[in-house]
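A short write-up of the structure that comes next.
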Amino acid sequence: MWPWRNRRLKLLLVSLAWLCSVGWLYWYITREKEDIRGAVPELLWWTNDMNWAYDEMRYCNLESCRVTNNRQRLKEARGILFYGSNMKPHDFPMPREPHHLWGLLHEESPRNVPFVPHREFLQHFNNTSTFSRHSNLPLTTQYLPHPSDLTQTDYYIPHYSKQVIQFNERLASVVFLQTDCNTLSGREDYVQELMQHIPVDSYGGCLRNRDLPESLQKDYLNNLYSDALLRFLSRYKFMIAIENGICDDYITEKYWRPLIMGVIPIYFGSPSIREWQPHNKSAIYIDDFANAGALAAHLQQLDNNETAYKSYLDHKLKRDKPVDNALLLNHLLTRRYQMNHEQQNEEQSLFHKFECLMCRQAMSTVKLRSANGQHYSCPLPPVHAPLERHKEPKYASDWRSMMNVGRCQALLLDAYFRSNFRYTKAKFEAQLAEMVEQNLCNQA
Numbered sequence: 001m002w003p004w005r006n007r008r009l010k011l012l013l014v015s016l017a018w019l020c021s022v023g024w025l026y027w028y029i030t031r032e033k034e035d036i037r038g039a040v041p042e043l044l045w046w047t048n049d050m051n052w053a054y055d056e057m058r059y060c061n062l063e064s065c066r067v068t069n070n071r072q073r074l075k076e077a078r079g080i081l082f083y084g085s086n087m088k089p090h091d092f093p094m095p096r097e098p099h100h101l102w103g104l105l106h107e108e109s110p111r112n113v114p115f116v117p118h119r120e121f122l123q124h125f126n127n128t129s130t131f132s133r134h135s136n137l138p139l140t141t142q143y144l145p146h147p148s149d150l151t152q153t154d155y156y157i158p159h160y161s162k163q164v165i166q167f168n169e170r171l172a173s174v175v176f177l178q179t180d181c182n183t184l185s186g187r188e189d190y191v192q193e194l195m196q197h198i199p200v201d202s203y204g205g206c207l208r209n210r211d212l213p214e215s216l217q218k219d220y221l222n223n224l225y226s227d228a229l230l231r232f233l234s235r236y237k238f239m240i241a242i243e244n245g246i247c248d249d250y251i252t253e254k255y256w257r258p259l260i261m262g263v264i265p266i267y268f269g270s271p272s273i274r275e276w277q278p279h280n281k282s283a284i285y286i287d288d289f290a291n292a293g294a295l296a297a298h299l300q301q302l303d304n305n306e307t308a309y310k311s312y313l314d315h316k317l318k319r320d321k322p323v324d325n326a327l328l329l330n331h332l333l334t335r336r337y338q339m340n341h342e343q344q345n346e347e348q349s350l351f352h353k354f355e356c357l358m359c360r361q362a363m364s365t366v367k368l369r370s371a372n373g374q375h376y377s378c379p380l381p382p383v384h385a386p387l388e389r390h391k392e393p394k395y396a397s398d399w400r401s402m403m404n405v406g407r408c409q410a411l412l413l414d415a416y417f418r419s420n421f422r423y424t425k426a427k428f429e430a431q432l433a434e435m436v437e438q439n440l441c442n443q444a
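Quick note on UniProt numbering: the sequence shown kicks off at 1 and runs consecutively.
Below you can see the structure in the form of structure tokens.
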């Protein structure tokens, strides 16, 4: 008798088929995540800053990638992601596989990683995200949380009201708030000279002559845009804003925060800063003056001249085009990441956007390009604020020496990357010491 004519046997076969279908469906559901991950490119974060297991799917419109920090996945990875602030010259994944794309995310100046500015090092990366407008994901305005912050008047205090506050509370017209007291730019040396010509209220760890209110002392460094801090600082007319390093497009909260408050920045830093200012007269630029004495004379003229003072505040006072810089407006409106921390959508964060940049590159068939010096444009040797009698900052020679060693590190890394062999920390440090001894690190 044929099987399908036997009712009992037919029932048994149907039951077996049903059980197989359920089993297959269960396996499919439980394995779906792994199957999807196996079908997409992998990106590997090569950094010690992540001290937790990181393994996620990143969905970037039409593209998707698996992102992990498990170094055991190195061979399978298509893209290797580096976080520049804590890169170690002896900790790069060698040998580099032919399919490996390298991406660099680095938002800081070269003071922590002195080999980064050099072309010999940068040319080995396919994508970058730095403060430079020429990088693949520019971070030039990362310290300006929202475009409307420039024009809102929540913290703005009119000139005449500041005069009253200044008199009643015995405040200087200039404020300085800084804790990092040893910088490439010679910041503290310049402020010290300025203090000889005009009163400056200095809070924080550098040249401190006044204390912050008790409520602000605890953790202001991690709350640079807190409402309480902005209201406290907005009582001043001028705020010293000197970057810790001088690089094109490297513009931090030191510039944007006074503009947000309606305080005039006294700025020294990015050589390209005038291309990013809200309007043609947004700040007082230190390099417009021969020395601190000449700057102090200008500040004293503005201090008691309300009309001249207000001419720097068009972004707060003008109703028609308060921000008339097309480059700045376009950059703020088109930047792909979100920096408003109070309302930040995780998918809009800088790190996720960088992962998506690398994901798209990993799936692209376009010929790969290499980064160049414009992706991290910093003058070498380091530039410092102009001091009287052409003096050098106290630690200028130390910073020059450090950046020279950085050049040797870049040259050595270039040689290792080209040879594509694994190397040890001991070998790297021994060869570096030999190059330094032979005086091979001086800037070309």
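Where a beta carbon is used, it is the ideal one built from N, C-alpha and C, also for glycine.
Secondary structure of Val329, DSSP reduced to three states: Reading off the sequence, residue 329 comes out as Leu, not Val. It is helical.
Cβ pair count under 8 Å reaching 3, the segment 431-440 against the segment 386-400: no
Beta bridge counterpart(s) of Pro265 as assigned by DSSP: Met239
Three-pair Cβ contact test at 8 Å for the segment 167-183 versus the segment 201-210: yes
As assigned by DSSP and simplified to three states, the class of Val174: strand
Which residues DSSP lists as bridging Trp45, in chain order: Leu81
Segment limits, alpha helix (DSSP H) that includes Trp52: That residue, Trp52, is in no alpha helix (DSSP H); it is neither H nor E in DSSP.
Proximity below 8 Å, CB of Pro41 to CB of Arg78: yes
Stretch pair the segment 267-275 + the segment 209-216: three plus CB contacts closer than 8 Å: no
Opening and closing residue of the alpha helix (DSSP H) in which Cys65 lies: Run containing Cys65: none in the alpha helix (DSSP H); it sits in the beta strand (DSSP E), 63-68.
Test item: CB-CB of Leu101 and Arg66 under 8 Å: no
Euclidean distance between Cα positions of Pro93 and Cys408: 20 Å
The segment 240-260 / the segment 132-150 touching (three or more Cβ pairs under 8 Å): yes
Counterpart residues of Tyr59 in DSSP-defined beta bridges: Ser64
Reduced DSSP secondary structure (H/G/I, E/B, other) of Leu105: strand
Under 8 Å between C-beta atoms of Gly186 and Leu387: yes
Residue nearest to Gln277 in terms of C-alpha spacing, selected from Ala326, Pro114, Leu229: Ala326
Alpha carbon of Asn439 to alpha carbon of Val113, nearest angstrom: 20 Å
Alpha helix (DSSP H) runs contained entirely in the segment 250-298, provided each spans 4 or more residues: 253-261
Simplified DSSP assignment, three categories, for Thr183: coil
Proximity to Arg96 [Cα-Cα], best of Phe428, Val200, Val405, Ser419: Ser419
Three-state secondary structure (DSSP) of Asn112: coil
Residue range of the unbroken alpha helix (DSSP H) whose run includes Tyr160: 159-168
Alpha helix (DSSP H) segment containing Val405, residue limits: 396-419
Close Cβ partners of residue 445 (< 7 Å) along its chain, the five nearest in sequence each way excluded: Outside the displayed range of the chain (1 to 444) lies residue 445, so it cannot be described from this structure.
Nearest candidate by alpha-carbon position, reference Leu317, set Arg335, Lys281, Leu350: Lys281
Neighbour-count burial assignment, Lys162, 16 or more Cβ in a 10 Å radius: buried
Residues bridged to Val200 [DSSP beta-bridge criterion]: Val174
Assigned exposure category for Glu188 - 16 Cβ within 10 Å defines buried: buried
Of the residues Glu56, Gln166, Lys237, the one placed nearest Ser311, counting alpha carbons only: Lys237
Ser364, DSSP secondary structure in three states: coil
Contacts around Ser85, its chain only, beta-carbon distance under 8 Å, and the 5 residues preceding and following it disregarded: Asp49, His106, Glu107, Glu108, Asn112, Val113
Where the beta strand (DSSP E) through Gln128 begins and ends: In the sequence as presented, Gln is not what sits at residue 128; that position holds Thr. Looking at the DSSP string, the run of the beta strand (DSSP E) that includes Thr128 is 127-129.
Phe131 vs Asp287 beta-carbon contact at 8 Å: no
Pair within 8 Å by beta-carbon distance, His118 and Gly406: yes
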